[in-house]
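In my numbering, the protein residues as written are 6 to 211.
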């Protein structure tokens, strides 16, 4: 834990607060919903995640928790030990499975509606914005997986891992929201914006 200084954790907290404020302005983190995380170390795997029960549009850099691979709080000397989201365990699972350094979870309405319409997965092809998630604009069948929700993060993590396609950096949790991931927080934001647009397109053209 020597490498995890308060300054490093609070720096991550500042980035998480800025991104959360942006997503809140989109209407994707209503109330206190949603959470964002950033990998701090890989060995052991530790993440900084937005603290639970707070307005995500008004976070301070100190409104952050450090969690282990199970989503349990890890105390860092000099950082107030705030309660992490109950979904922090899924963030850690996504980071471990995908190798991503940032994970975004938002309650974007289009994701919930799309998951309701297409519980077997949302299929798209021949749309230019697919390039924004690293896929081809033409002749590339893209499926956004939809998994059943659970309040048990271990169970939900198993469902995520079973549905995971390394070519597609997003998964819809039915009746809940959207998870996306990227190489850093900015990349994860770009992925989230593109996926939400693609889901809106799918609904509008269905």
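Quick reminder that beta carbons are idealized off the backbone N, C-alpha and C, glycines included.
From this set, the options, which residue's C-alpha is nearest residue i's C-alpha?
i: residue 93; options: 106, 86, 78; result: 78
i: residue 163; options: 187, 95, 144, 128; result: 95
i: residue 144; options: 74, 33, 155, 130; result: 130
Report the partner residues of residue i according to the DSSP bridge assignment.
i: residue 43; result: 53, 107
i: residue 152; result: 178
So for residue i, helix, strand or coil by DSSP?
i: residue 113; result: coil
i: residue 89; result: strand
i: residue 125; result: coil
i: residue 206; result: helix
i: residue 79; result: coil
i: residue 132; result: coil
i: residue 185; result: strand
i: residue 179; result: coil
i: residue 69; result: strand
i: residue 84; result: coil
Measure the alpha-carbon distance for residue i versus residue j and round it to whole angstroms.
i: residue 81; j: residue 98; result: 21 Å
i: residue 28; j: residue 107; result: 15 Å
i: residue 172; j: residue 88; result: 33 Å
i: residue 128; j: residue 192; result: 23 Å
i: residue 160; j: residue 103; result: 17 Å
i: residue 174; j: residue 186; result: 6 Å
i: residue 105; j: residue 73; result: 15 Å
If we count Cβ pairs, one from each stretch, closer than 8 Å, do we get three or more for the region 129-147 versus the region 102-112?
Output reads no: the region 102-112 does not touch the region 129-147.
Would you check if there are 3 or more beta carbon pairs closer than 8 Å linking the region 118-137 to the region 60-79?
Look at the beta carbons and you see the region 118-137 not touching the region 60-79: under three pairs across the two are nearer than 8 Å.
Flag this pair as touching only if the region 140-156 and the region 165-184 have three or more C-beta atom pairs under 8 Å; answer yes or no.
With a cut-off of 8 Å, the region 165-184 and the region 140-156 count as touching, because enough Cβ pairs lie within range.
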